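Each residue of the sequence shown is one higher than the one before, counting from 391 in our numbering.
Okay, so here's the structure we're looking at.
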Amino acid sequence: MSFANQVLCAVYLAGREERLEPAVHPVPTELDEEVARLKLDAMNIHIDALTEAQVRYLASWQEGT
């Protein structure tokens, strides 16, 4: 998985070299999640996605403990 992440990051950076300043850039969340999803698919493991209500609840400071 680490190599897959590194390759996808290299492709990401190469395709954006004109727009990115020379610096250390974090791995985009989308790439990290794609590598994880592909690994889980390869292992025949499937996870649920949050519903909109769950996303709102997690982002809310007015509900919960």
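Note that CB positions come from ideal geometry on N, CA and C, so glycine has one too.
Just so we're clear, the structure is a prediction, and the values are computed from it rather than from any experiment.
Cα atoms of L403 and L410: separation of roughly 8 Å, rounded to the nearest angstrom. Excluding residues up to 5 positions away in sequence, M391, A394, N395 and L398 lie with their Cβ nearer than 7 Å to the Cβ of V425 in the same chain. In this chain, the alpha helix (DSSP H) harbouring A394 covers S392 to A404. Judged by DSSP in its simplified three-state form, L430 adopts helix. In the structure shown, V414 falls within a coil segment according to DSSP collapsed to helix, strand and coil. I437 and L430 do touch by the CB rule: their CB atoms are close to 7 Å apart, below 8 Å.
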